[in-house]
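Engineer: Would you mind keeping the following structure in view while I ask a few things?
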Amino acid sequence: MTIGRLTMRWSLMTYTVNAGQPGGLRTLEEMADFAHEVGFEALELSSRDLVGREPEEIRAICDARGLAISCINGPASLAAEDDAEFEAGLAQARDLADAAVAVGSPVIMIIPGHATSEEDLPRAADRIVEGLSQAVAYARERGVTVSIEDFPNRLAPYASIEQVRYLLDNVPGLQLTFDNGNWVVGGDDPAKAAQEFAGRIANAHLKDWEIDPNRGRIELPDGTWIRGGLHGQGLLDHRAILSALVGGGYDGTLAFEYEGPLDHCESTRQGLAYLRQALDGVRG
């Protein structure tokens, strides 16, 4: 059984407009209302959205507003050296896959933990391979695709092109959630990454960065400090990145992500309008 079929569509990542964000919304119903109003076609849920909700209730909230569920993202402690913690991480991964079946999401994105130090990166990567291999096998039997994203943390052994390639090459069936902005944290060009992983991308996150005057959010390899920024007014070349994605044959979900200090709902309105225009320009 395969759940759904990915087509090019816009999805709203719920965590970017939740109650913890500036101008955020309190409930899943409010987030779904906002997504429908602005013109999104789907939601990407975080695992926290599942807490205290029955799958049928979540599905009904989305169905009533004409929204698909494009992906569920969440953590799983698959880098853990401790066997008990590792087994708990496998249980987290299985729970995500089961939730995807229950709500009708074709994809899950696992954040599989990180190393304890830079010296620990090789061990953590191999442990993650072990865990993801089991998670992919479990999810595949249920028609769910497992993905990881390039992650903006130097202790995550999936921050750079080289690191992500290692995991994808060593876990048959594992796919990529392509995060357009996180590649720069690993020192790579996002457009080059889109070309590198053409045919292996199951989901995409679109954010932007700006210079962080407070030097407190994320430090790049060259010493530059960045934070979330408005789409089209930040550091990323969205046309080049979208061109590389489309040119590589990607026709899946484009999930919107704003992480900056401004009102998140208003920034989402502005950012989605910009990205739609940019994509139209790329497609001609």
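Residue numbers are given in the numbering used here: position 39 of the sequence shown equals residue 44, and the series is strictly consecutive. All C-beta atoms, glycine included, are put in the ideal place defined by N, C-alpha and C.
1) Let me make sure I understand the geometry here. Which of Ala203, Asp213, Leu101 has the alpha-carbon closest to that of Gly109?
2) Reducing DSSP to helix, strand and coil, say where Ala180 ends up.
3) Cα separation between Phe39 and Ile223?
4) Flag this pair as yes or no: are the beta carbons of Ala65 and Leu48 separated by less than 8 Å?
5) Along the alpha helix (DSSP H) that carries Pro111, what are the first and last residues, could you check?
6) Is it right to say Val190 is buried, meaning 16 or more other beta carbons lie within 10 angstroms of its own, or is it exposed?
7) With C-beta atoms as the reference, is Thr21 less than 8 Å away from Glu264?
8) Run through DSSP, which three-state label would Glu224 get?
9) Using a Cβ distance threshold of 8 Å, determine whether the stretch 257 to 273 contacts the stretch 43 to 60, with at least three qualifying pairs required.
10) Looking only at C-alpha atoms, which of Gln282, Ala93, Ala84, Ile115 sits nearest to Leu181?
11) Decide if the stretch 230 to 242 is in contact with the stretch 206 to 216; the criterion is three or more beta carbon pairs, one per stretch, under 8 Å apart.
12) Along the chain, where does the alpha helix (DSSP H) containing Glu135 start, and where does it finish?
13) Please go through the same chain and pick out, in chain order, the residues whose beta-carbon is closer than 8 Å to the beta-carbon of Ala164, but skip the five residues on each side of it.
14) Is Asp68 buried or exposed, if buried means 16 or more other CB atoms sit within 10 Å of its CB?
15) Figure out for me which residue from Ala278, Trp230, Leu241, Ala120 has the closest Cα to the Cα of Lys197.
16) Expressed to the nearest angstrom, what Euclidean distance is found between the alpha-carbon atoms of Ala85 and Gly289?
17) Residue ranges of each beta strand (DSSP E) run of no fewer than 3 residues wholly in the stretch 188 to 264, ordered along the chain?
18) Residues in the same chain with beta-carbon distance under 8 Å from Val141, minus the five sequence neighbours each way, listed in chain order, please.
19) Once you ignore the five residues that flank His210 on each side, which residues in its own chain have a CB closer than 6 Å to its CB?
20) Of the choices Ile206, Glu135, Glu59, whose alpha-carbon is the least far from that of Val106?
21) Spatial neighbours of His119 within its chain, please: C-beta separation below 7 Å, excluding the five flanking residues on both sides.
22) On the CB-based measure, 16 or more other CB atoms within 10 Å of its CB, does Pro127 come out buried or exposed?
23) Of all the options Arg70, Pro266, Gln282, Leu17, which has the alpha carbon lying nearest to the alpha carbon of Asn219?
24) Taking 8 Å as the cut-off, decide whether the C-beta atoms of Asn208 and Ser52 are in contact.
25) Can you round the beta-carbon distance between Leu137 and Pro117 to whole angstroms, since I take them to be within the 8 Å contact cut?
26) In terms of DSSP beta bridges, what is Cys76 paired with?
27) Is the beta carbon of Gly204 sitting closer than 8 Å to the one on Gly148?
28) Between the C-alpha atoms of Ile246 and Leu17, what's the straight-line distance to the nearest angstrom?
29) Do you know how far the Cα of His243 is from the Cα of Pro111?
Structural biologist: So, from the listed chains and residues:
1) Position 104 of the sequence shown, counting from 1, holds the residue named residue 109. Checked all of Ala203, Asp213, Leu101; the closest Cα to Gly109 is Leu101.
2) Position 175 of the sequence shown, counting from 1, holds the residue named residue 180. According to the sequence displayed, residue 180 carries Gln and not Ala. Correct three-state label for Gln180: strand.
3) Counting from one through the sequence shown, the residue named residue 39 turns up at place 34. Counting from one through the sequence shown, the residue named residue 223 turns up at place 218. Roughly 29 Å between the two C-alpha positions.
4) Taking the sequence shown and counting its residues from 1, one reaches residue 65 at position 60. Taking the sequence shown and counting its residues from 1, one reaches residue 48 at position 43. Contact flag unset, no.
5) Counted from its first residue, the sequence shown places residue 111 at position 106. DSSP places Pro111 in no alpha helix (DSSP H); its state is neither H nor E.
6) Here the question's residue 190 lines up with position 185 in the sequence shown. Buried, since its Cβ has 16 or more Cβ neighbours within 10 Å.
7) Here residue 21 is taken as the residue at index 16 of the sequence shown, counted from 1. Here residue 264 is taken as the residue at index 259 of the sequence shown, counted from 1. Yes, the Cβ-Cβ distance between Thr21 and Glu264 is below 8 Å.
8) The sequence position of residue 224 within the sequence shown is 219, counting from 1. Three-state result, Glu224: strand.
9) yes
10) Looking up residue 181 in the sequence shown gives position 176. Measuring from the Cα of Leu181, the nearest candidate turns out to be Ile115.
11) yes
12) Counting from 1 along the sequence shown, the entry for residue 135 is found at position 130. Start and end: 126 to 145.
13) For the purposes of this step, residue 164 is identified with residue 159 of the sequence shown, where counting begins at 1. These residues qualify, in order along the chain: Asp155, Phe156, Pro157, Asn158, Asn187, Val190, Gly191.
14) Taking the sequence shown and counting its residues from 1, one reaches residue 68 at position 63. Under this definition Asp68 is an exposed residue.
15) Working through the sequence shown from its first residue, we reach residue 197 at position 192. Ranking Ala278, Trp230, Leu241, Ala120 by CA distance to the CA of Lys197 puts Leu241 first.
16) Here residue 85 is taken as the residue at index 80 of the sequence shown, counted from 1. Here residue 289 is taken as the residue at index 284 of the sequence shown, counted from 1. Near 47 Å, if we compare the C-alpha coordinates of Gly289 and Ala85.
17) 206 to 211, 214 to 216, 230 to 233, 258 to 261
18) The residue labelled residue 141 in the question sits at position 136 within the sequence shown. Excluding residues within five positions, the ones whose Cβ falls inside 8 Å are Val151, Val176, Pro177, Gly178, Leu179.
19) Within the sequence shown, residue 210 is the residue found at index 205, counting from 1. Taken in chain order, the residues that qualify are Asp184, Ala260, Glu262.
20) For the purposes of this step, residue 106 is identified with residue 101 of the sequence shown, where counting begins at 1. The residue with the shortest Cα to Cα distance from Val106 is Glu59.
21) Indexing the sequence shown from 1 puts residue 119 at position 114. The residues are Ala84, Ala129, Asn158, Leu160, Ala161.
22) Taking the sequence shown and counting its residues from 1, one reaches residue 127 at position 122. Result: exposed.
23) Locating residue 219 in the sequence shown gives position 214, counting from the first residue. Looking at Arg70, Pro266, Gln282, Leu17, the one whose alpha-carbon comes closest to that of Asn219 is Pro266.
24) On the sequence shown, position 203 is the one that residue 208 refers to. On the sequence shown, position 47 is the one that residue 52 refers to. For Asn208 and Ser52, no; Cβs fall outside 8 Å.
25) Translated into positions along the sequence shown, residue 137 becomes position 132. Translated into positions along the sequence shown, residue 117 becomes position 112. Right, their Cβ atoms sit about 6 Å apart.
26) For this step, residue 76 is matched to residue 71 along the sequence shown. Glu49.
27) By one-based count along the sequence shown, residue 204 stands at place 199. By one-based count along the sequence shown, residue 148 stands at place 143. No; because the gap between Cβ atoms is not below 8 Å, this pair is not in contact.
28) Counting from 1 along the sequence shown, the entry for residue 246 is found at position 241. Counting from 1 along the sequence shown, the entry for residue 17 is found at position 12. Straight-line spacing of the CA atoms in Ile246 and Leu17 works out to 19 Å.
29) As a working note, residue 111 is residue 106 in the sequence shown. As a working note, residue 243 is residue 238 in the sequence shown. Taking C-alpha positions only, Pro111 is separated from His243 by approximately 26 Å.
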